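Remarks on the structure that follows.
There are 2 protein chains.
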Amino acid sequence: MADPAPTSPESGGSNQAEDALFDALRALLGERFSTARAVREHHGKDTSFHAMEAPDAVAFAQSTEEVAAIVKLCAEHKRPVIPFGTGTSLEGQIQAPQGGVCIDLSGMQEILEVNEADLDCRVQAGVTRKTLNTYLRDTGLFFPIDPGADASLGGMAATSASGTNAVRYGTMRDNVMGLTVVLADGRVIRTGGRARKSSAGYDLTRLFVGSEGTLGVITEVQLRLYGIPEAMTAAVCSFETLAGAVDTVILTIQSGIPVARIELLDEHQIDSVNRYSNLDLPVQPTLFFEFHGTEAWAQEQAEMAGAIAEEYGGSGFQWATKQEDRNRLWQARHDVWFANLALKPGGMGWATDVCVPISRLAECILETRKDIDETGVLAPIVGHVGDGNFHLTFVLDPDDPEDLEKAKAVNERMVMRALAMGGTCTGEHGVGSSKMAFLQAEHGEAVGVMRQVKLALDPENLMNPGKILTV
Amino acid sequence: MADPAPTSPESGGSNQAEDALFDALRALLGERFSTARAVREHHGKDTSFHAMEAPDAVAFAQSTEEVAAIVKLCAEHKRPVIPFGTGTSLEGQIQAPQGGVCIDLSGMQEILEVNEADLDCRVQAGVTRKTLNTYLRDTGLFFPIDPGADASLGGMAATSASGTNAVRYGTMRDNVMGLTVVLADGRVIRTGGRARKSSAGYDLTRLFVGSEGTLGVITEVQLRLYGIPEAMTAAVCSFETLAGAVDTVILTIQSGIPVARIELLDEHQIDSVNRYSNLDLPVQPTLFFEFHGTEAWAQEQAEMAGAIAEEYGGSGFQWATKQEDRNRLWQARHDVWFANLALKPGGMGWATDVCVPISRLAECILETRKDIDETGVLAPIVGHVGDGNFHLTFVLDPDDPEDLEKAKAVNERMVMRALAMGGTCTGEHGVGSSKMAFLQAEHGEAVGVMRQVKLALDPENLMNPGKILTV
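Quick mapping for you: the protein sequence lines, in order, are chains C and W.
Residue numbering for the first sequence follows our numbering, beginning at 445 and increasing consecutively.
Residue numbering for the second sequence follows our numbering, beginning at 445 and increasing consecutively.
Set out below in structure tokens:
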């Protein structure tokens, strides 16, 4: 638990009305309410480049009822509410540009139910994906969605997270069956349910998934689970051209090979991990595969993918089934983030993502690479290519504001390029504050409908204001 | 095209304001606007037991722009709008209890684009699933969702349809990537897009999927496509007990066998098809399987499922790969509807569905069967058991109102039983007017949120009023 020190003189932003709110919150939560600067600042900064924007106070909630009470008090005092899971979001989702009360849900750690026969479970929002998978270990089941960070499942639902194996298992949108949500006025609703499918009314579950705290606070999540596959096979293959790698991905998926992960590292990214991890991978566009199934089926999948890769100029196709061999093959992929940061000692990482129809992926990556090189920024490319989703990891000099400006320009051009190709401004990181400028370009008049929904559910604009859209 | 005769004296419901509306619609559409009784009555009756409730007029639209113009005129005159695809919905979705203008979209037959490399396509709302699959035949791709009827893809999106292979390929919710929607005020929006995944703002696509015309009129649908599998294997197996059949399904899915279809017919249903199709299947709960994959993998799946079935008292497990042999094995499943109607010559069919967590499926079916027998109605049971979804097909004497009352009581008890087990009042047929009474029991306070969304987008309640929820 973070420091629950009482309000310090420098906590800032307080006035008489706030004091009344804060008194009420302190009466509700005791030591689990804090206005200490250190606590506030810890909650005002994500893992990306965004400037810290601290909330006025942090409330550490332990139950849905407490969240409802906090939100109701904030509504009475017309103060913003910012939900916080693990702080690992990337697009400014947890910053508090208008102050207000951050509700830290990390204390909501209960795994409420696991239904093995039905392959589902219900958890409180603060449970992280690794905690859940550790808990599930003896059941033979697992929750596959893996955005990299050990994020909270409430936060992953709120940002519609996905990651490397979305190509096989889908995103949070596909795997959240239901939610408990505290609305802007403090009402508590349960959406969805435990049935595998339902046509009973509007799909509120998927309205709240990806709403980034702007429509309500997610306090419980019902999730789909999967049987741990009998066998996993990993493979790696280098390509002469990026187009060859992407064509391999396209044909692999068209052929119905249910690849579990298929990741692309461009030659700059390979160079980066070669240096960092002392590897000697050919400095070429490289695909990393993972196949799940029975032993025979996982092997058949690897063989089919290998044959396709060969057709498109792939070479050195290696595959492995034993865990240590799989880890060795995938090491380069796992080391990406730290390898990139090591390229510029003291550098600051900024991961941005777009997603395009896969037929445009090679073109979008190549044009973006050209832009990166011409602009003179450092930004290796890694992609969840089965979905047409790729990331730039800018490595910036924090003392050189021009470096950040250049990166912003490259990012904007990449987004507009992706949109022109029928893609989206973010495949999995969300909009937050960073990508609000692109929402209109992507969705046009539909943004007006999003705004109508937002105002219907949060007429005072108190739920995570300044995120996704202006109202 | 239906009879475009001019307004007949018996068209009814018209008044001066309507006449102004009708004049404007006639000016817009010419012969594609009709108030003829035959045309109106044809559009006021679905394929279920519901009484005919005709709209005041029918407008045959051919483009999104026309739909927008029609909706705008109806909004000006505050007249209801009821979208119509093929009229194959089951829960009263197309009836016009408050009159108004039915927009028939069956003339919107254009397949706008097929992107083979990206496995997606865009169609106008009137294209049916069979038309699309015929069109796709030479591409090696197909659209899998199969609700039985050759429904329009716009209608399937509007009702969140699914069917036998949802266990493998998901429902319309999972396979609609984006929509063009005409809103209540005539604005046209495009939701979603062609990227395989997106976190860019609220998921309006899935808000409109399953909204049954109450939030807007769907005029175009972007869909996921799949490669036609190299091999398909069908299998059938009889069980001593229903529990044995359901346990086979549970373990099959837990084992990660990606069964493409897994259908349950209870002993009454088997008896019905034995009579109708002159078969001699054991009169026992029976599972019908279909597996998709490479030849080796489809065969391995069938063998694994066969081994599981044997463990749970399955006998006579047969499987086949050649199309004629597969058709022979599945004949009983295909004949269900007509076999049931033949049980009572002149009988009227009413298909209702619920969906429960699969661990409760055997219990829910057995209690429902007991209720059917004790109440004395005719209702074989068939289930998409991989999802926990099952159907009763009541076969009713249209001249005996008591028969319908008994069926309604059985249906209500089945729904409440499913809800008590954590299930839903409809897995795939939607709410329409028939299941509105159960929405509150299922979703509680969340229905209030659905109502807020409805009123935000359709404040005058003109879009398919009297469906899903009261406002």
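Ideal Cβ positions, reconstructed from N, Cα and C, are used throughout, including at glycine.
Please read these numbers as outputs of a predicted model, since none were measured by experiment.
Pop quiz: W:I752 and W:T730 are said to be a contact at Cβ under 8 Å. What is the actual Cβ separation, rounded to whole angstroms?
Taking the first residue of the second sequence as 1, we reach residue 752 of chain W at position 308. Taking the first residue of the second sequence as 1, we reach residue 730 of chain W at position 286. The pair is not a contact, with the Cβ atoms about 15 Å apart (cut-off 8 Å).
State yes or no: is the C-beta of C:A503 within less than 8 Å of the C-beta of C:L469?
If you number the first sequence from 1, residue 503 of chain C lands on position 59. If you number the first sequence from 1, residue 469 of chain C lands on position 25. Cβ distance < 8 Å, so C:A503 and C:L469 count as in contact.
Quick one, are the C-beta atoms of C:G645 and W:H887 less than 8 Å apart?
Residue 645 of chain C sits at position 201 when you count from the first residue of the first sequence. Residue 887 of chain W sits at position 443 when you count from the first residue of the second sequence. Yes; because the gap between Cβ atoms is below 8 Å, this pair is in contact.
Chain C contact residues for W:D618, given Cβ-Cβ distances below 7 Å:
Within the second sequence, the letter at position 174 stands for residue 618 of chain W. Near W:D618 (Cβ distances below 7 Å), the residues of chain C are D618.
I'd like to know if W:T692 contacts chain C, where contact means its C-beta is closer than 8 Å to some C-beta of that chain.
Here residue 692 of chain W corresponds to residue number 248 of the second sequence, with the count starting at 1. No, its Cβ sits nowhere closer than 8 Å to a Cβ of chain C.
Using a Cβ-Cβ cut-off of less than 8 Å, give me the residues of the stretch 616 to 648 of chain W that come near chain C, in sequence order.
Per Cβ criterion, the list reads R617, D618, L627, R631, V632, I633, R634, T635, G637, R638, A639, R640, K641, S642, S643, A644, G645, Y646, D647, L648.
Quick check on W:V525 - is its C-beta less than 8 Å from some C-beta in chain C?
In the second sequence, counting from the first residue as 1, residue 525 of chain W sits at position 81. Not closer than 8 Å to any Cβ of chain C, the Cβ of W:V525 fails to qualify, so no.
Please classify W:P789: is it buried, with 16 or more other beta-carbons within 10 angstroms of its beta-carbon, or exposed?
Here the question's residue 789 of chain W lines up with position 345 in the second sequence. By the 10 Å Cβ count, W:P789 comes out exposed.
Give the range of the alpha helix (DSSP H) segment to which W:R650 is assigned.
Here the question's residue 650 of chain W lines up with position 206 in the second sequence. Here the alpha helix (DSSP H) through W:R650 covers 648 to 652.
If the cut is a Cβ gap below 7 Å, which residues of chain W does C:T868 touch?
Stepping through the first sequence from its first residue, residue 868 of chain C is reached at position 424. Ordered by position in chain W, the residues that pass the 7 Å Cβ test against C:T868 are G637, A639, S642, A644.
Would you say C:P591 lies against chain W (beta-carbon separation less than 8 Å)?
What you label residue 591 of chain C is simply residue 147 of the first sequence in a count that begins at 1. With a threshold of 8 Å between beta carbons, C:P591 makes no contact with chain W.
Does DSSP classify C:C518 as helix, strand or coil?
Here residue 518 of chain C corresponds to residue number 74 of the first sequence, with the count starting at 1. C:C518 falls in the helix class under three-state DSSP.
Euclidean distance between Cα positions of W:I918 and W:P499
The requested residue 918 of chain W does not occur in the structure, where chain W is confined to residues 445 to 915.
Less than 7 Å separating the Cβ of W:R861 from some heavy atom of the ligand MG?
The model depicted lacks the ligand MG and carries no ligand whatsoever.
Is the beta carbon of W:M907 sitting closer than 8 Å to the one on W:V525?
Numbered from 1 along the second sequence, position 463 holds the residue referred to as residue 907 of chain W. Numbered from 1 along the second sequence, position 81 holds the residue referred to as residue 525 of chain W. With a cutoff of 8 Å on beta-carbon distance, W:M907 and W:V525 are scored as near each other.
Neighbour flag for W:C808 against chain C, beta carbons, 8 Å:
Taking the second sequence and counting its residues from 1, one reaches residue 808 of chain W at position 364. Answer no: the Cβ-Cβ gap between W:C808 and chain C never drops below 8 Å.
Between W:L848 and the rest of its own chain, which residues show a CB-CB distance below 6 Å, the 5 nearest in sequence each way excluded?
Within the second sequence, the letter at position 404 stands for residue 848 of chain W. Taken in chain order, the residues that qualify are L840.
The stretch 553 to 573 of chain C contacting the stretch 655 to 674 of chain C, beta-carbon criterion three pairs below 8 Å
yes
Check whether chain W comes within 8 Å of C:S452, counting only Cβ atoms and requiring the distance to be less than that.
Here residue 452 of chain C refers to the residue found at position 8 when the first sequence is read from its first residue. Residue placement at C:S452 is flagged as unreliable, the pLDDT there being 39, under the threshold of 50; the coordinate-derived value follows with that caveat. No, because no Cβ of chain W sits closer than 8 Å to the Cβ of C:S452.
For C:V875, decide whether its Cβ has a neighbour in chain W, counting only Cβ atoms nearer than 8 Å.
Locating residue 875 of chain C in the first sequence gives position 431, counting from the first residue. It does: the Cβ of C:V875 has a partner Cβ on chain W nearer than 8 Å.
Pairwise C-alpha distance: C:F838 and C:W794
Mapped onto the first sequence, residue 794 of chain C falls at position 350. Mapped onto the first sequence, residue 838 of chain C falls at position 394. Straight-line Cα distance between these residues: approximately 5 Å.
Is the stretch 476 to 485 of chain W touching the stretch 593 to 611 of chain W in the sense that three or more CB pairs, one from each, lie closer than 8 Å?
Short answer: they don't touch.
Cβ-Cβ distance between C:I589 and C:Y613 below 8 Å:
The residue labelled residue 589 of chain C in the question sits at position 145 within the first sequence. The residue labelled residue 613 of chain C in the question sits at position 169 within the first sequence. Contact flag set, yes.
Would you report the Cα separation of C:E454 and C:L669, rounded to the nearest angstrom?
Position 10 of the first sequence, counting from 1, holds the residue named residue 454 of chain C. Position 225 of the first sequence, counting from 1, holds the residue named residue 669 of chain C. Here the model assigns C:E454 a pLDDT of 42, short of 50, so the residue's position is not dependable, and the following value carries that caveat. If I take the Cα positions, the gap works out to 46 Å.
Check whether the stretch 799 to 812 of chain C and the stretch 545 to 561 of chain W are in contact - that is, three or more C-beta pairs closer than 8 Å.
yes
Beta-carbon spacing of W:I706, W:Q745 below 8 Å:
Residue numbering aside, residue 706 of chain W sits at position 262 when the second sequence is read from its first letter. Residue numbering aside, residue 745 of chain W sits at position 301 when the second sequence is read from its first letter. In this structure, W:Q745 does not lie closer than 8 Å to W:I706 by Cβ.
Compute the distance between the beta-carbons of C:V859 and C:F834, then report whether it is under 8 Å.
In the first sequence, the residue the question calls residue 859 of chain C occupies position 415. In the first sequence, the residue the question calls residue 834 of chain C occupies position 390. For C:V859 and C:F834, no; Cβs fall outside 8 Å.
In chain W, which residues lie less than 8 Å from C:P673 when you measure between Cβ atoms?
The residue you call residue 673 of chain C lines up with position 229 of the first sequence. Per Cβ cutoff of 8 Å: G700.
Could you tell me if C:K814 is buried or exposed, where buried requires 16 or more neighbouring beta carbons within 10 angstroms of its beta carbon?
Here residue 814 of chain C is taken as the residue at index 370 of the first sequence, counted from 1. Counting every other CB atom within 10 Å of its CB across the protein chains shown gives C:K814 a total below 16, marking it as exposed.
Out of C:L580, C:T796, C:G598, C:I538, point me to the one whose CA is closest to C:V571's CA.
Residue mapping note: residue 571 of chain C aligns to position 127 of the first sequence, counting from 1. Nearest of C:L580, C:T796, C:G598, C:I538 to C:V571, Cα basis: C:G598.
By how many angstroms is the C-alpha of W:E520 removed from the C-alpha of W:N905?
Residue 905 of chain W sits at position 461 when you count from the first residue of the second sequence. Residue 520 of chain W sits at position 76 when you count from the first residue of the second sequence. The alpha-carbon atoms of W:N905 and W:E520 are separated by roughly 13 Å.
Compute the Euclidean distance between the alpha carbons of W:S478 and W:I538, then round it to the nearest angstrom.
Counting from one through the second sequence, the residue named residue 478 of chain W turns up at place 34. Counting from one through the second sequence, the residue named residue 538 of chain W turns up at place 94. Going from the Cα of W:S478 to the Cα of W:I538 covers about 17 Å.
Check whether the stretch 769 to 784 of chain C and the stretch 688 to 701 of chain C are in contact - that is, three or more C-beta pairs closer than 8 Å.
no
Give, in chain order, every unbroken run of the beta strand (DSSP E) that is at least 3 residues long and sits entirely within the stretch 621 to 693 of chain W.
632 to 636, 661 to 668, 675 to 683
According to DSSP, C:H736 sits in a beta bridge with which residue or residues?
On the first sequence, residue 736 of chain C is found 292 positions in, with the first residue counted as 1. Per DSSP, C:M676.
Return no unless some Cβ of chain C is closer than 8 Å to the Cβ of W:A740.
The residue given as residue 740 of chain W occupies position 296 in the second sequence. So yes, W:A740 belongs to the interface.
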